[in-house]
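Numbering (our numbering), first residue to last: 1075 to 1170.
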């Protein structure tokens, strides 16, 4: 089974960024375990900010029971489903 399903990716997220973000999500989950959502989100946020600049937000919800409506800075937004845990990640950079 494929671990990642990219549901939405705006043009501000390049292919390289997407690959790196998926790796960061996987690393955070693997190092923290599935009972540490807040710490996983914070680890990913800190990595994003050190790699791509400030003002990133990482939200984690249960797939199918979670919906975000927001506007993103420079189309820097990606929504990813983690299929094993059935989590949805919304990751975006806020307006500076």
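Ideal Cβ placement from N, Cα and C applies to all residues, glycine included.
Going by alpha carbons, who is nearest to residue i out of the options?
i	options	result
residue 1095	1112, 1113, 1132, 1076	1132
residue 1150	1086, 1078, 1082	1086
residue 1162	1168, 1139, 1143	1139
residue 1172	1126, 1134, 1078	A question about residue 1172 goes unanswered here, because the residues of the chain that appear run from 1075 up to 1170.
residue 1122	1092, 1111, 1110	1092
Tell me whether the beta-carbon of residue i lies closer than 8 Å to the beta-carbon of residue j.
i	j	result
residue 1075	residue 1137	no
residue 1154	residue 1090	no
residue 1210	residue 1106	With the chain running from 1075 to 1170 in the structure shown, residue 1210 is simply not present.
residue 1097	residue 1117	no
residue 1108	residue 1142	no
Let's see if you can read the secondary structure: which residues bound the beta strand (DSSP E) around residue i?
i	result
residue 1135	1130-1136
residue 1083	1078-1083
Check residue i in the structure and name its three-state DSSP category.
i	result
residue 1162	strand
residue 1123	helix
residue 1152	strand
Answer with buried or exposed for residue i, where buried requires no fewer than 16 other C-beta atoms within 10 angstroms of its C-beta.
i	result
residue 1152	buried
residue 1082	exposed
residue 1104	exposed
residue 1169	exposed
Span of the alpha helix (DSSP H) holding residue i?
i	result
residue 1094	1089-1106
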